[in-house]
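All letters in the sequence shown, in the order written, are residues 3 to 141 by this note's numbering.
All C-beta atoms in this analysis are idealised placements derived from N, C-alpha and C, irrespective of residue type, glycine included.
This report refers to the structure that appears directly beneath it.
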Amino acid sequence: MKRLLALITLAVLPALHAADYPVPVGAAAAHIFPYSMVGQLTFASGDGFYVGTGTVVQPRGVLTAGHNLYDPVGGWSTDLVFERARYDDTRLSVRVPLRIYVLAGYQVNSELYGGDSVRTFVRDTGGLYFKNRIHAGGL
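Below, the structure written as structure tokens:
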């Protein structure tokens with residue numbers, strides 16, 4: 003019975019792996035479009051608007067700094083907009099995230115020790131999840 007389950011699991015795993023992930027663009031495309039998966043993140047925190055950056059790491063996911071998403075004084079950031087490959091008036095895509103995340107411990111440590119603390123800094127990682135794809139097939 004265990005062998006049967008193992009064989010079924012091995013048969014199903016390739017189908018699960020067949021999800022539509024970004025494809026590496028290769029060296030030539032990377033030299034032509036070196037910043038195609040980096041973007042500008044604008045957001046409101048407290049009484050002001052700020053600008054940060056993020057990197058596309060999956061079809062609907064962006065990795066960014068936790069301090070872009072949460073501030074112990076201003077709370078959670080709002081009005082977030084990610085503009086992929088923004089340069090002057092050119093953008094490859096513009097998306098508003100569906101969900102925002104910070105690394106476990108970042109929020110608590112920023113409230114206890116402040117944003118400049120080493121304890122906070124080592125957890126200064128956040129992520130954005132989007133309803134629609136933000137990439138154009140590359141990674």
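Beta-bridge analysis with DSSP links residue 46 to 51 and 80. Per DSSP, residue 37 is not a residue of any alpha helix (DSSP H), being assigned neither H nor E.
Residue 127 is bridged by DSSP to nothing; it lacks a bridge partner. In the structure shown, residue 68 falls within a helical segment according to DSSP collapsed to helix, strand and coil.
Nearest to residue 96 by alpha-carbon distance, out of 122, 135 and 72, is 135. When only Cα atoms are considered, residue 98 and residue 115 end up about 30 Å apart. For the pair of segments examined, the region 106-113 was found to touch the region 64-78: the number of CB pairs separated by less than 8 Å reaches three. Closest by C-alpha distance to residue 41, out of 51, 65, 100 and 48, is 65.
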